[in-house]
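Heads up, the thing below is written out as structure tokens.
In full-length UniProt numbering, the protein residues as written are 1 to 356.
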């Protein structure tokens, strides 16, 4: 069908290839691809197609704009995006934010969020995290002791110390700090944060710690939460599926299996029922499966149940954390198409969109 053609194209081209398609589409038709996708679709289906057509940084910027618009701020979106992105990704979304709003992200956030939570969010938005890959064990021990002194060891909590260390140190350095913290306190830093803090500050710092340890597992949890209970939160599901499709979706799938004894493919198939938008489900399946559709991978994704399952104790698995390479390798399911022909893709899109 026409919808299937558009989905197949948008889920099997890299972001840079899709930007080339968008430019050629506009030159050829004198129309904006994203606008045509919006005019011919609607609701959650429109959202997922537009996200797939946009650059990831543009999607992040638009999500933050939406989260800070109006009377209240959706702090969960700020936590998810700014707590998980690299310096490079934050700088790119900041540039996209400035293009959209003609204002700077940091200055706007200073007006939107306050208190210790606001300070932490602004610090993350400044993209000032150390990017060194070397580890100083003595410094990790000092930071671990400082965190212990600022939390577990005193009445009240010195949030500024947590912000300084967790929002600015490099990821490899923080991984060693998490190990040293447990050596000092006998518990994980996550457990201490959950004991010492509440509300949005607790949620943000826990998200940062989880992403330090295992970003794919963090997003596996978020995906599961979006499909848990009476209804499926398509906006959350779509945001994560699209934003991680070229980054680490393969690892998210693996972590999902460890955590929930079921393949992500199978959970999506159960959560998005036929009475809902059938094409949204098809998009999610394409993003989950990616281009590596060997029969073995298909069987694994579809069947995907564990026998004699063991729950993964992922948030205290320091051995796996320390072995995990940083920066991580490209582990996305959407990859650049070989023998890419932009003119053929534009022609296929124009024909498909006219038939919506």
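Note that the Cβ used here is the ideal one computed from N, Cα and C, for glycine as well.
In the same chain as residue 9, and ignoring 5 residues on each side of it, the C-beta atoms closer than 7 Å to its own belong to 345, 348, 349, in chain order. Within the same chain, and ignoring the five residues on either side of residue 157 in sequence, the residues whose Cβ sits closer than 8 Å to its Cβ are 150, 151, 196, 197. The alpha carbon of residue 169 has as its nearest neighbour, out of 142, 272, 155, 194, the alpha carbon of 142.
Sequence-distant Cβ neighbours of residue 144 in its own chain, meaning closer than 6 Å and more than five residues away, are 177, 180, 181, 184. Under the three-state reduction of DSSP output, residue 334 falls in the coil class, being neither helix nor strand. Cβ neighbours of residue 171 within its own chain (closer than 7 Å, five residues either side excluded): 212, 326. In this structure, 123 is the residue among 103, 147, 123, 114 with its C-alpha nearest to the C-alpha of residue 82.
For residue 326, the three-state secondary structure derived from DSSP is coil. Apart from sequence neighbours up to five positions away, the residues of its chain that approach residue 127 with a beta-carbon distance below 6 Å are 87, 90, 91, ordered along the chain.
Contact between the segment 214 to 222 and the segment 249 to 265 is present: 3 or more CB-CB pairs across the two stretches fall below 8 Å. Runs of alpha helix (DSSP H) with 4 or more residues, each lying fully within the segment 159 to 184, are found at 159 to 166, listed in chain order.
Here residue 219 really is in contact with residue 244; their C-beta atoms are around 6 Å apart, less than 8 Å. Annotated three-state conformation of residue 245 is coil, per DSSP. Judged by DSSP secondary structure, residue 17 falls within the alpha helix (DSSP H) whose first and last residues are 15 to 29. Residue 201 sits in a helix when the DSSP states are folded into three classes. The alpha-carbon of residue 221 is positioned some 39 Å away from that of residue 354. Put simply, the backbone Cα of residue 37 is about 45 Å away from that of residue 318. Counting only residues of its own chain and dropping the five nearest sequence neighbours on each side, residue 14 has a CB closer than 6 Å to the CB of 336.
When the five nearest sequence neighbours on each side are left out, the beta carbons in the same chain lying within less than 7 Å of the beta carbon of residue 67 are those of 73, 74, 77, 78, in order along the chain. Residue 339 sits exposed, since fewer than 16 C-beta atoms from the chains shown fall within 10 Å of its C-beta. Under the three-state reduction of DSSP, residue 89 is assigned to helix. Under the three-state reduction of DSSP, residue 313 is assigned to coil, being neither helix nor strand. In the assembly as shown, residue 330 is an exposed residue. Its beta-carbon has fewer than 16 other beta-carbons within 10 Å. With contacts defined by Cβ atoms closer than 9 Å, residue 34 and residue 20 do not form a contacting pair.
In this structure, 224 is the residue among 228, 236, 200, 224 with its C-alpha nearest to the C-alpha of residue 255. Exposure of residue 131 is indicated by the presence of fewer than 16 other C-beta atoms within 10 angstroms of its C-beta.
With respect to the 9 Å criterion, residue 163 and residue 174 are not classified as neighbours on the basis of their beta carbons.
Around the Cβ of residue 129, a 10 Å sphere holds 16 or more other Cβ atoms; the residue is buried. When only Cα atoms are considered, residue 63 and residue 98 end up about 13 Å apart. Contact between residue 109 and residue 125 is confirmed by a C-beta separation of about 5 Å, below the 8 Å threshold. Under the criterion of beta carbons closer than 8 Å, residue 241 and residue 279 do not qualify as touching, at roughly 14 Å. For residue 44, the three-state secondary structure derived from DSSP is helix. For residue 102, the closest C-alpha among the options 134, 138, 137, 65 is that of 65.
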